[in-house]
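A.B. asks: This is the structure I have questions about; it appears just below.
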Amino acid sequence: MKIAIGADSAGKPLLDVIAAHLDGRSGIEVKDLSQAGFYADLSENLARTITAGENDRGILICGTGIGVCISANKVPGIRAALTHDTYSAERAAKSNNAQIITMGARVIGPELAKSIVDTWLASEFDPQGPSAGNVQAIDRLDAGK
């Protein structure tokens, strides 16, 4: 699995913890796309690597996680979810098929962030499950229908 990660200056210390946590895991390739400038540009760039098939999932971190989440969700085809607990991380994958999770470095600590990432990566969307219709409806909204 290819995972793109990125953070603004507020999120970079927590992102470094996440990168170290994922480093060396079998079957996981991590690419840090962090860049100077606006978090909206970072979020767009990371999200577009997912829609282009270059990466499978993404993790974005800023001070609150809100700005990067809003920005990533502006890219057609992306479902980004703000996750500050493991239950939300699980449901982001299982119920919403979120390809990106976002977190706030000023909201949660490193141990919880690592647990959130682990939970999200261990969770999979069931296209035949009870939430499939909701994801299809989101996709229709995304397509402007």
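Numbering (this note's numbering) for the sequence shown: 195 to 339.
By construction, the Cβ of each residue, glycine as well, lies at the ideal position given by its N, Cα and C atoms.
Where in the region 221 to 279 do unbroken runs of the beta strand (DSSP E), each at least 3 residues long, occur, reported from the N-terminal end onward?
C.D. replies: 223 to 226, 251 to 256, 274 to 276
A.B. asks: Report back the beta-carbon spacing between Ile332 and Arg273 to the nearest angstrom; my notes put them in contact at under 8 Å.
C.D. replies: 7 Å
A.B. asks: Kindly indicate which three-state DSSP category Ile302 falls into: helix, strand or coil?
C.D. replies: Coil.
A.B. asks: If you pair each beta-carbon of the region 314 to 327 with each one of the region 283 to 291, do three or more pairs fall below 8 Å?
C.D. replies: At 8 Å Cβ cutoff, the stretches touch.
A.B. asks: I'd like to confirm the pairing. Which residues does DSSP put opposite Ile295 in its beta bridges?
C.D. replies: Under DSSP, the beta-bridge partners assigned to Ile295 are Ile253, Ala275.
A.B. asks: Since I believe Gly205 is in contact with Ala299 (beta carbons under 8 Å), could you give me their beta-carbon distance rounded to a whole number of angstroms?
C.D. replies: Contact holds; Cβ gap of about 4 Å.
A.B. asks: When we look at the beta-carbon of Asn249 and count the other beta-carbons within 10 Å, is it buried (16 or more) or exposed?
C.D. replies: buried
A.B. asks: Near Asp202, which residues of its chain fall below 6 Å by C-beta distance, leaving aside the five closest residues on each side in sequence?
C.D. replies: Tyr233, Cys256
A.B. asks: Should the region 273 to 283 be regarded as contacting the region 219 to 234, the criterion being three or more beta carbon pairs within less than 8 Å?
C.D. replies: no
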